[in-house]
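Enquirer: If you scroll down you'll find the structure; I have some questions about it.
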Amino acid sequence: MVTTIREGIVFHPQYLDAAAQEALLRHIREAAKAAPLFTPEMPRTGKPFSVRMTNMGSLGWVSDRENGYRYQEAHPVTGRPWPPIPPLLLDLWRDVSGYAAPPEACLVNFYGSSARMGLHQDRDEQDLDAPVVSVSLGDSALFRIGGTVRGGKTQSLKLASGDVLVFGGPERLCFHGIDRIYPGTSTLLKDGGRINLTLRRVYKPSH
Ligand code: MD6
Ligand code: FE
């Protein structure tokens, strides 16, 4: 049952069945061998994120103290290109994004049981007409969405393994974050934790 949370923010609970989640996880494991998880840092302060990340696609999102948030073609540690986005995710994007051009980046976030993600906007993309499409795997998480200015009212949504959230339209620049992980709520990841994938269009298709 698909539900619209706000205009342009559409929730597809259990979009991926157990077999599709396993298949996707195998792709992510392969990708993480070629492009190991790294720990991003906050711009300027260098404070490490509690999540570890990698990417798939022609571009990947990275952040460090010196150069801040950005997309780049190479892994920040290995210097190699990112592995490709698996076909299963390109199909998913085509099905739910409502956007003609394919995603260029798939950010992979790994959360241990105590990791979180502070309220933020996704605004490092040039093409803000494309939505961000998020896929959750593993333990459930409490996702919080506010408005386009900091400090307003927020609403919360539990994201479980296999859930897909499309984040676009007038609310594309809403603040959002992950308040907490619920350990032991999924058996997909043997050691627990959560993986979140976000598919992104970075440049306008004409680029
Ligand atoms: C997460 N998600 O679910 C973090 N960003 O772990 C995001 O930051 C996010 O779910 C943009 C659009 C959808 C998202
Ligand atoms: Fe985000």
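To get the working numbering, take the position in the sequence shown, counting from 1, and add 6.
Even for Gly, the Cβ is constructed at its ideal location relative to N, Cα and C.
Quick check: the Cα distance between Leu-96 and Met-123, rounded to an integer number of angstroms?
Expert: The straight-line gap from Cα to Cα measures roughly 25 Å.
Enquirer: Thr-84 and Ala-111 look like a contact to me (Cβ under 8 Å); what is the Cβ gap, rounded to whole Å?
Expert: Rounded, the Cβ-Cβ distance is 17 Å, inconsistent with contact.
Enquirer: Does Trp-67 come out as helix, strand or coil in the three-state DSSP assignment?
Expert: If DSSP states are grouped into helix, strand and coil, Trp-67 belongs with the strands.
Enquirer: Beta-carbon distances below 6 Å to any heavy atom of the ligand FE define the shell here; list its residues in chain order, please.
Expert: This criterion selects His-126, Asp-128 and His-182.
Enquirer: Under 7 Å from any heavy atom of the ligand MD6, does the C-beta of Asn-202 make it?
Expert: Asn-202: yes, Cβ under 7 Å from the ligand MD6.
Enquirer: Could you pull out every residue in the same chain whose Cβ sits closer than 8 Å to the Cβ of Thr-51, ignoring the five residues on either side in sequence?
Expert: Around Thr-51: Arg-71.
Enquirer: Could you give the C-beta distance for Asn-202 and Ser-140, rounded to a whole number, given that I count them as a contact under 8 Å?
Expert: Confirmed, Cβ separation roughly 6 Å.
Enquirer: Considering only C-alpha positions, which residue in the set Arg-35, Gly-74 and Arg-129 is nearest to Thr-60?
Expert: Among Arg-35, Gly-74 and Arg-129, the Cα nearest to that of Thr-60 is on Arg-35.
Enquirer: Are the segment 74-81 and the segment 17-37 in contact at 8 Å, needing three or more beta carbon pairs?
Expert: Counting Cβ pairs under 8 Å, fewer than three are found: no touch.
Enquirer: Do Leu-163 and Ile-11 have their CB atoms nearer than 8 Å?
Expert: Against a cut-off of 8 Å, the Cβ pair of Ile-11 and Leu-163 comes out as a contact.
Enquirer: Enumerated in chain order, which unbroken segments of the beta strand (DSSP E) with a length of 3 residues or greater are wholly contained in the segment 51-128?
Expert: Correct list: 58-63, 66-68, 76-78, 111-117 and 123-126.
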